[in-house]
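**Q**
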Amino acid sequence: MIARQMETSKKNIALVLSGGGARGLAHIGVIEELLKKGYEITSIAGTSIGSLIGGVYVSGKLPEFTEWICNIGKLDVLKLMDFAIHKDGFIKGEKVFKKLSEFIDKANIEDLPIPYSAVSVDILKHCEVVFSSGNLIKAIRASVSIPTILRPLNYLGTELVDGGVLSPLPLNSVARTENDILVAVNLNSDMPYARKHRTDEQGNFESAYLKAKEFINRRWPVTEKSKNIKVVGFFDLITESIYTMQMKLAEMAIEKYQPDIMVSISRFSCELFEYYRAEELIEYGRKQFLASHAIFLEGQSGKEKDIR
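My numbering puts the first residue of the sequence shown at 1337, with every later residue one more than the last.
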């Protein structure tokens, strides 16, 4: 009975969505379950894919985006990536952002229905840049610019890259209201993940993705072949370095800000561009939220008993 009372008494949610490539599709499952539980999301802050999913939500296009991304296999995710060998990034980004712009409000951030922040990093001044006003699409474009993967955004004479470089889980950037519940979704948890059986279609797209990655790794090998040492290519070196950095920075943010509901998503659940696994990842986010939410309600129930 107490748990039910707690579930319906405090409704406002300050939502923080981390970066982590395709794992960010788990954010969709979390948002859907929050809304099913009757919570109201009153503010959002996101880094990288978190800024994208948050931006799609505040634009009111999450159902349409979800339907599209769950059918991405038919569109071929690699074609949307428009790979191009360039000194400042492998992916131009024009194709994918042209498509994503269909799901993102053209308005400025300050005109959105709730406070929203997208976190990027000024790579020249080595500092965070938090977009809480200005053009929403430009803010998201800056926030998702993974170094050496997606070209940086030239903005007011500086170069902006992925917010995950300094703030993979931007708990310090979300607007708060009195008595709201701080919910964080961390895509970089060092927990195990049991992958579901692949469909034939998923297998085909995974094969195409792995071939593209292997091409990059072969062209720029970082370690030489050895009987005892696995060859590490440029792509794997960069992505694994980013994952390691983000995992530690996220742990530090969680320890400092202590979210009320901490949703952990395994960093092993998928690789950077495995967007064709959308349904599996959305369901995973839903499952992880429900488990974390149950722990939260149990804790609130315990506090009520202590007061009595």
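Each residue gets a CB set at the ideal place from its N, CA and C atoms; glycine is no exception.
Starting from Ser1387, follow the alpha helix (DSSP H) in both directions and report where the run begins and ends.
**A** Residues 1385-1394.
**Q** Taking three-plus beta-carbon pairs below 8 angstroms as touching, is the region 1488-1500 in contact with the region 1511-1522?
**A** Too few Cβ pairs lie closer than 8 angstroms, so no.
**Q** At the level of alpha carbons, what is the spacing between Thr1291 and Ile1364?
**A** The requested residue 1291 does not occur in the structure, where the chain is confined to residues 1337 to 1644.
**Q** CB-CB under 6 angstroms to Leu1502, same chain, minus the five flanking residues each way: which ones, in chain order?
**A** Val1457, Glu1464, listed in sequence order.
**Q** Among the candidates Ala1362, Leu1608, Ala1478, Thr1484, whose CA atom is the shortest distance from the CA of Asn1522?
**A** Of the candidates Ala1362, Leu1608, Ala1478, Thr1484, the one whose C-alpha sits nearest the C-alpha of Asn1522 is Ala1362.
**Q** Less than 6 angstroms between C-beta atoms, sequence neighbours within five positions excluded: which residues of the same chain meet that for Ala1350?
**A** Closer than 6 angstroms at Cβ, skipping near neighbours: Ser1379, Val1510, Arg1512, Asp1516, Leu1518.
**Q** How far does the alpha helix (DSSP H) with Phe1401 in it extend, from its first residue to its last?
**A** Per DSSP, Phe1401 belongs to the alpha helix (DSSP H) from 1398-1405.
**Q** With which residues is Phe1467 paired in a DSSP beta bridge?
**A** According to DSSP, Phe1467 bridges with Ala1454.
**Q** Start and end of the alpha helix (DSSP H) containing Val1432?
**A** Per DSSP, Val1432 belongs to the alpha helix (DSSP H) from 1430-1436.
**Q** Could you pull out every residue in the same chain whose Cβ sits closer than 7 angstroms to the Cβ of Pro1504, ignoring the five residues on either side in sequence?
**A** Taken in chain order, the residues that qualify are Ser1354, Gly1355, Thr1383, Asn1524, Gln1582, Leu1585, Ala1586.
**Q** From Leu1371 to Ile1618, what distance separates their C-alpha atoms?
**A** Rounded to the nearest angstrom, the two C-alpha atoms are 14 angstroms apart.
**Q** If you compare alpha carbons, which of Lys1442, Glu1446, Phe1433 is closest to Ser1481?
**A** Of Lys1442, Glu1446, Phe1433, the residue nearest in Cα terms is Phe1433.
**Q** Candidates Glu1400, Ile1445, Thr1484, Ser1469: which alpha carbon is nearest Ile1578's?
**A** Ranking the options by Cα distance to Ile1578, first place goes to Thr1484.
**Q** Which residue or residues does DSSP assign as beta-bridge partners of Ser1600?
**A** According to DSSP, Ser1600 bridges with Asn1522.
**Q** Does the separation of the CB atoms of Asn1444 and Asn1471 fall below 9 angstroms?
**A** Going by C-beta atoms, Asn1444 is nearer than 9 angstroms to Asn1471.
**Q** Taking only three categories from DSSP, how would you classify Ala1350?
**A** It is a strand residue.
**Q** Classify Arg1531 as buried or exposed, calling it buried when 16 or more other Cβ atoms lie within 10 Å of its own Cβ.
**A** Classification of Arg1531: exposed, given that the 10 Å Cβ count is below 16.
**Q** Assign Asp1447 to one of two classes, buried (16 or more other C-beta atoms within 10 Å of its C-beta) or exposed (fewer than that).
**A** Counting Cβ neighbours within 10 Å, Asp1447 comes out exposed, since fewer than 16 surround it.
**Q** Could you compute how far the alpha carbon of Phe1609 sits from the alpha carbon of Arg1487?
**A** So the two alpha carbons sit approximately 16 angstroms from each other.
**Q** Return helix, strand or coil for Asp1447, following the three-state DSSP convention.
**A** Reduced to three states, the DSSP call for Asp1447 is helix.
**Q** Could you give the first and the last residue of the continuous alpha helix (DSSP H) run that contains Val1366?
**A** Here the alpha helix (DSSP H) through Val1366 covers 1362-1372.
**Q** Determine the closest residue to Ser1387 out of Trp1404, Pro1451, Pro1399, Asp1596, with distance taken between C-alpha atoms.
**A** That would be Pro1451, whose Cα lies nearest to the Cα of Ser1387.
**Q** Does the separation of the CB atoms of Gln1624 and Val1599 fall below 9 angstroms?
**A** In contact: Gln1624 and Val1599 (Cβ atoms closer than 9 angstroms).
**Q** Out of Leu1489, Ser1395, Val1366, Ala1520, state which residue places its alpha-carbon closest to the alpha-carbon of Glu1438.
**A** Checking every option, the nearest Cα to that of Glu1438 belongs to Ser1395.
**Q** What do you get for Lys1410, buried or exposed, if any count of 16 or more other CB atoms within 10 angstroms of its CB means buried?
**A** Because the pLDDT at Lys1410 is just 49, under 50, the model does not fix this residue reliably, and the point stays unresolved.
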